[in-house]
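Numbering (full-length UniProt numbering), first residue to last: 1 to 207. So the structure is just underneath, and the comments pick up after that.
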């Protein structure tokens, strides 16, 4: 492997504390696991309040449950110190005019930016979505916040009662992050130090 200066170095990727595709420095900039649930609740509540104030969108329901998912492998045959949190899915059944979809998504983006979630997924990320659905995906490293605006009745093939997810027209919110516990931070830094400035290789295992 070569480092940022082009020097040849030898490292054992089995010892890498994060995961293939996730730079260790990016993880260290994120909130610790102990802070995540309160942060997610605050962000989601602020987005909901803002959408109610600006667009009259209210009456949210909670689908599924939030949860933690520790990552066992690092993609190189070793163990990872990362853990992933996914929020519940928050939905509201409401018809938003297509002309307002971009404005709703931009409003959510502005709130997310206040939490440091400032990067926007590229257009290619959305190519798989149908024309009756629009998604805004905002992220900071391995932290993300998604908003979806949809109206399945705009699908020429739509038939009442056949929606896959139960939400025909409305807005959805979803938050997730992959980070480390504060108790693991010192160990994470120690294990990450030999890999500083080295480009991450492709994963060698599927864990």
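In this text, a Cβ means the ideal position worked out from N, Cα and C, and glycines have one as well. Bear in mind the structure is a predicted one, so any value in this text is a computation, not a measurement.
- Taking 9 Å as the cut-off, the beta carbon of residue 145 is found no closer than this to the beta carbon of residue 186.
- If you compare the alpha carbons of 116, 75 and 28 with that of residue 16, the shortest gap goes to 75.
- Between residue 28 and residue 189, the C-beta spacing is below 9 Å.
- Look at residue 173 here: in three-state DSSP terms it is strand.
- Around the beta carbon of residue 150, 16 or more other beta carbons sit within 10 angstroms, so the residue counts as buried.
- Apart from the 5 residues on each side of it in sequence, residue 204 sits with its Cβ closer than 6 Å to the Cβ of 76 in its chain, given in chain order.
- Here residue 84 is not near residue 21, since their CB atoms are 9 Å or more apart.
- A straight-line Cα-Cα distance of about 39 Å links residue 71 and residue 53.
- Going by beta carbons, residue 65 and residue 167 fall outside the 9 Å limit.
- In the DSSP assignment, no residue is bridged to residue 115.
- Within the region 34 to 67, the beta strand (DSSP E) runs of at least 3 residues that lie entirely inside it are, in chain order, 61 to 63.
- The region 69 to 117 contains, as complete beta strand (DSSP E) runs of 3+ residues, the segments 83 to 86 and 89 to 93 (chain order).
- Under the three-state reduction of DSSP, residue 15 is assigned to helix.
- Counted as a single uninterrupted DSSP element, the alpha helix (DSSP H) harbouring residue 188 occupies residues 185 to 192.
- DSSP places residue 202 outside both helix and strand once states are collapsed to three, so it counts as coil.
- Between the region 34 to 43 and the region 56 to 65 there are fewer than three C-beta pairs closer than 8 Å, too few to call the two in contact.
- Look at residue 27 here: in three-state DSSP terms it is helix.
- For residue 146, the enclosing beta strand (DSSP E) begins and ends at 143 to 151.
- Relative to the Cα of residue 89, the nearest Cα in the group 130, 148, 196 and 141 belongs to 148.
- The beta-carbon separation of residue 173 and residue 47, rounded to 6 Å, stays under the 8 Å limit for a contact.
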